[in-house]
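Residue numbers (this note's numbering): 2 to 119.
These notes concern the structure reproduced below.
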């Protein structure tokens, strides 16, 4: 048996997701004049093993996490997401999605914003 995970990483990420003040993020988003907003929070650990002819050819594992926000205002919908769970990044996410929805003239063409940090 083996583990490809560093000890404690999963626990720290899970705690970070639990410590986010989601009410404050939603309030900040709606303060820009939206009719409705929701958050999508996700954490996962994909793992796959590729076997060919009874041999392990490839092992892939990872950690995915992030927060996405959707804002509906005046019939327009904007979406933005990030994997940076800091308060500053979530505030930036709220501002960005509000600006995107307000700036769009065509309700069928609002850009999706990727604020993912590498």
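The beta-carbon is built from N, C-alpha and C at its ideal position, and this holds for glycine as well.
These figures come from a predicted structure and were not determined experimentally.
Contact check, residue i vs residue j, beta carbons under 8 Å
i, j, result
"residue 83", "residue 99", "no"
"residue 37", "residue 73", "yes"
"residue 86", "residue 26", "no"
"residue 103", "residue 70", "no"
"residue 64", "residue 93", "no"
"residue 23", "residue 40", "yes"
Range covered by the alpha helix (DSSP H) that runs through residue i
i, result
"residue 71", "Careful: residue 71 lies outside any alpha helix (DSSP H), inside the beta strand (DSSP E) at 65-74."
"residue 34", "Here residue 34 belongs to no alpha helix (DSSP H), and DSSP marks it neither H nor E."
"residue 51", "No alpha helix (DSSP H) contains residue 51, which is instead part of the beta strand (DSSP E) from 48-53."
"residue 94", "88-104"
Cutoff 7 Å; reference residue i; Cβ partners in own chain excluding five residues on either side
i, result
"residue 89", "none"
"residue 30", "38, 70, 72, 95, 98 and 99"
Where residue i falls, given that 16 or more other Cβ within 10 Å makes a residue buried
i, result
"residue 75", "exposed"
"residue 34", "exposed"
"residue 57", "exposed"
"residue 59", "exposed"
"residue 32", "exposed"
6 Å CB neighbourhood of residue i in its chain, flanking five on each side removed
i, result
"residue 61", "49"
"residue 79", "72, 98, 101, 102 and 111"
Reduced DSSP secondary structure (H/G/I, E/B, other) of residue i
i, result
"residue 39", "strand"
"residue 9", "At residue 9, the pLDDT of 49 sits below 50, so the modelled position is not reliable; the number obtained from the coordinates is stated separately. Residue 9: coil per DSSP, three-state reduction."
"residue 2", "Interpretation of residue 2 is limited by its pLDDT of 30, a score under 50 that renders its predicted location unreliable; no figure is taken from the coordinates."
"residue 78", "strand"
Continuous beta strand (DSSP E) stretch holding residue i: start and end
i, result
"residue 57", "56-62"
Residue-chain proximity (residue i, chain C), Cβ-Cβ < 8 Å
i, result
"residue 28", "Note that chain C does not occur in the displayed structure, where there is just one protein chain."
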